[in-house]
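Presented below is the structure to which this report refers.
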Amino acid sequence: MMTKLNNKVALITGGTSGIGKATAIDFIENGASVIITGRFQNTIDETINELGEKAKGIVSDAGKMADLLELGDKVKLVSSQIDILYVNAGFGKYAAIEQIDENHFDEQFNVIVKGTLFTVQQILPLMKEGGAIILNTSIVTEIGMQNSSVYSAAKAAVQSFVKTFASELAAKKIRINAVSPGPIATNYFDRSNLTAEQIQGIAGAVLPQVPLARFGQPFEVAKAITFLASEDASFMHGTEIFVDGGFPKIK
Ligand SMILES: NC(=O)c1ccc[n+]([C@@H]2O[C@H](COP(=O)([O-])OP(=O)(O)OC[C@H]3O[C@@H](n4cnc5c(N)ncnc54)[C@H](OP(=O)(O)O)[C@@H]3O)[C@@H](O)[C@H]2O)c1
180 MMTKLNNKVA
190 LITGGTSGIG
200 KATAIDFIEN
210 GASVIITGRF
220 QNTIDETINE
230 LGEKAKGIVS
240 DAGKMADLLE
250 LGDKVKLVSS
260 QIDILYVNAG
270 FGKYAAIEQI
280 DENHFDEQFN
290 VIVKGTLFTV
300 QQILPLMKEG
310 GAIILNTSIV
320 TEIGMQNSSV
330 YSAAKAAVQS
340 FVKTFASELA
350 AKKIRINAVS
360 PGPIATNYFD
370 RSNLTAEQIQ
380 GIAGAVLPQV
390 PLARFGQPFE
400 VAKAITFLAS
410 EDASFMHGTE
420 IFVDGGFPKI
430 K
């Protein structure tokens, strides 16, 4: 039995699938209790059943301001303290600059940018010295990927939050870092606006650029998040870990 996160309480936004769910499993294996969020009661219930008695769930849409402002109160009904916050809820939509409309912009900025900022704001009062926050960014911020200007810009805003929040939270002794996944095999692409053919096309274009020549698995990202959440990362603050199979970055 691992004890890296023993007696810690973690909140994971978007914990019903992919990287968020794998992180919930890894946190629990390392001794933590977890609270996950998602948009739908049925998927929350299914996930909680799978995760077992150390998991609880809250329905909360990270793209809706009313839900974000209620999140702290809803969490308090489950736990008076949060030790670890992993802000993971998100999705990506793809469009060339010529095709972008206001909805495409708003839906991604609402969940990724507004959602991340107000989740951190609402949960901070429940966190104490020694707490750890991890935000989810993406390799797309480093590469200039076609058709992803809005998603990439939203994740770049999250990268920026890591730096600013790191300076603001230092006095509270709460650490904040980010995990930046490369291509990971989750429901992410199926939930985008891409057709199966377009997904194949992206996979075909992306894979040759990954030195490890495969998609990563959600558990491989979860391990880095558990590290950042734990005391093993006690001197890591304001930085970003790439879990991307060695994807080359354009600098
Ligand atoms: N997969 C990749 O290649 C990759 C690469 C870089 C970064 N990322 C990022 O990693 C994060 C997790 O994605 P994933 O790949 O694990 O995809 P996924 O399997 O589709 O999981 C996404 C999770 O986010 C939740 N979610 C989506 N919109 C939400 C909202 N408005 N409010 C609350 N929860 C919401 C979903 O829950 P419900 O559907 O139940 O609401 C689900 O639990 C995202 O931020 C994504 O942008 C993914």
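Each number in this note's numbering corresponds to the 1-based position in the sequence shown with 179 added. Ideal placement from N, C-alpha and C gives every residue a C-beta, glycine not left out.
Own chain residues within Cβ distance below 6 Å of residue i, not counting five before or after
i	result
I353	M306, G310
A241	T192, A268, V290, G294
L250	S239, Q301
S196	N366
I322	I429
R218	D240
L348	I355
F297	L247
F368	I378
Residue i classed as buried or exposed, judged by whether at least 16 other C-beta atoms fall within 10 angstroms
i	result
A211	buried
K431	The question about residue 431 has no answer, for the chain in this structure spans 180 to 430.
K255	exposed
T374	exposed
F344	buried
F414	exposed
N326	buried
I312	buried
K200	buried
S409	buried
G380	exposed
G395	buried
I198	buried
Residues near residue i by beta carbon distance below 8 Å, same chain, minus five either side
i	result
H283	K272, A274, V329
V341	L314, T316, I355, N356, A357, G417, T418, E419
V257	I214, K235, I237
T405	K183, L184, T202, D205, F206, N209
D411	K183
I227	I215, A234, K235, G236
Q260	V188, L305, M306, K307
D224	G236
Residues near residue i in its chain [Cβ-Cβ closer than 7 Å; skip 5 each side]
i	result
A392	L386
P390	G424, G425
S346	none
I318	S359, P360, G361, F421, D423, F426
L407	A311, I313, N356, V358, M415, I420
S331	V319, T320, M324
A335	T320
Rounded Cβ spacing between residue i and residue j (contact assumed at less than 8 Å)
i	j	result
N221	K183	Going by Cβ atoms, the distance from N221 to K183 rounds to 32 Å, so no, they are not a contact pair.
V337	V299	10 Å between Cβ atoms; not a contact.
A333	Q287	5 Å
F270	S359	With a Cβ gap of about 16 Å, F270 and S359 do not count as contacting.
Beta carbon proximity, residue i to chain B, threshold 8 Å
i	result
T202	Chain labels in this structure do not include chain B; a single protein chain is all it has.
(request) Answer yes if the region 396-410 comes into contact with the region 357-367, meaning at least three C-beta pairs across the two stretches below 8 Å, and no otherwise. (result) Result yes; three or more Cβ-Cβ pairs closer than 8 Å.
(message) Counting beta carbon pairs with one atom in the region 221-231 and one in the region 242-249, are three or more of them shorter than 8 Å?
(response) Under the three-pair Cβ rule at 8 Å, the region 242-249 does not count as touching the region 221-231.
(message) Report the start-end ranges of each alpha helix (DSSP H) in the region 243-305 that is 4 residues or longer and not cut off at the edges.
(response) Annotation: the region 243-305 contains the following complete segments of the alpha helix (DSSP H) (minimum length 4 residues), in chain order: 244-255, 281-287, 294-302.
(request) Determine contact between the region 192-207 and the region 259-269, defined as no fewer than three beta-carbon pairs at a distance below 8 Å. (result) Because the criterion of three Cβ pairs below 8 Å is met, the region 192-207 and the region 259-269 touch.
(message) Runs of 3 residues minimum, wholly inside the region 184-227: which ones carry the beta strand (DSSP E) assignment?
(response) Runs of the beta strand (DSSP E) inside the region 184-227: 188-192, 212-217.
(message) Report the start-end ranges of each beta strand (DSSP E) in the region 381-420 that is 3 residues or longer and not cut off at the edges.
(response) The qualifying runs do not exist here; there are none.
(message) Which runs of the alpha helix (DSSP H) at least 4 residues long sit entirely within the region 300-357? Give them in chain order.
(response) Given a length threshold of 4 residues, each whole run of the alpha helix (DSSP H) inside the region 300-357 is given here in chain order: 328-348.
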